[in-house]
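For reference, the structure discussed in these notes is given below.
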Amino acid sequence: TQLLEQSPQFLSIQEGENLTVYCNSSSVFSSLQWYRQEPGEGPVLLVTVVTGGEVKKLKRLTFQFGDARKDSSLHITAAQPGDTGLYLCAGSAASGSRLTFGEGTQLTVNP
Amino acid sequence: GAGVSQSPSNKVTEKGKDVELRCDPISGHTALYWYRQSLGQGLEFLIYFQGNSAPDKSGLPSDRFSAERTGGSVSTLTIQRTQQEDSAVYLCASSPTGSGANVLTFGAGSRLTVL
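Chains as they are written, first to last, in our numbering: chain A, 1 to 111; chain B, 1001 to 1115.
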């Protein structure tokens, strides 16, 4: 069974601060995704990374896929209250196979 | 449809009763997934459909859980003789299949409470 470990589990910061969330595994993934989930809703896809070492930027969010395709990080610059939510990483061993999710990082950005 | 639709959005039932949860995927999406999420936790995989067949049902926690998909569209997750530990949000997602990474679109979930 492939496992994804996320850290930290909870993060509470002030508006304007920077933060990094980590997603680690001992398994290799063909692709890794990050989702954001708000209360009462399903997760929404933020980004997919497929190449080892890949870096993708989405406004203030920077996503990195490890060279060995076993880990990933999400960095948020100048966090805003609207960034509050549950951030989930998810990996796929192969195209068309199940996505394995991490336990999530609950981020709270205080005004 | 424009998105993944799940019903009911909330279900409260008594221990021992059977429940059915429904998922309407995005039209044309051939892959359909069921996940379970406990309060504030990550998602636990239950079952994956490709068309009407289920190549991966390894996540179903017991034989009280079953799922079917008909016409390559609507799916129903059935939980028989519900237990309190079945209380969770049941999320459905669909995806167009083909080469490349899975891109899942989730519904809002069905919150199940077993008293």
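Even glycine gets a Cβ: it sits at the ideal position worked out from N, Cα and C. Nothing here was measured: the structure is a model prediction, and the numbers come from that model.
In the three-state reduction of the DSSP assignment, A:G82 falls in the helix class. Taking A:G53 as reference, the option from A:I76, A:G42, A:S72 with the minimal CA-CA separation is A:S72.
DSSP places B:D1056 within a strand segment (E or B) once states are collapsed to three. Here the stretch 23-35 of chain A lies against the stretch 46-64 of chain A, with 3 or more beta-carbon pairs under 8 angstroms apart. Contacts between B:Y1048 and chain A, judged by CB atoms closer than 7 angstroms, involve R98 in chain order.
Listed by position along chain A, the residues whose Cβ is nearer than 8 angstroms to that of B:A1108 are G40, E41, G42.
For the options A:L4, A:G82, A:G91, A:V55, the alpha carbon positioned closest to that of A:L74 is the one of A:V55. The C-beta of B:T1105 comes closer than 9 angstroms to at least one C-beta of chain A. Contact note: B:D1056 reaches chain A through R98, using a C-beta cutoff of 7 angstroms and chain order.
For A:S12, the nearest beta carbon of chain B is not closer than 9 angstroms to its own beta carbon.
Scanning chain B for C-beta atoms nearer than 9 angstroms to the C-beta of A:L19 yields nothing, as the closest lies near 18 angstroms away. Minimum Cα-Cα distance from A:G91 among the listed residues B:L1043, B:S1087, B:V1074 corresponds to B:L1043. Within 8 angstroms of the CB of B:F1045, the CB atoms of chain A belong to R98, L99, T100, F101, in sequence order along the chain. Relative to the Cα of B:S1110, the nearest Cα in the group B:G1003, B:E1020, B:K1015, B:G1016 belongs to B:E1020. In the DSSP assignment, B:S1095 falls within the beta strand (DSSP E) that extends over 1088-1095.
Of B:P1055, B:S1027, B:V1074, B:Q1083, the smallest CA-CA separation from B:S1062 is found for B:Q1083. Restricting attention to A:T105, A:N110, A:P111, the CA atom closest to the CA of B:Q1041 is found in A:T105.
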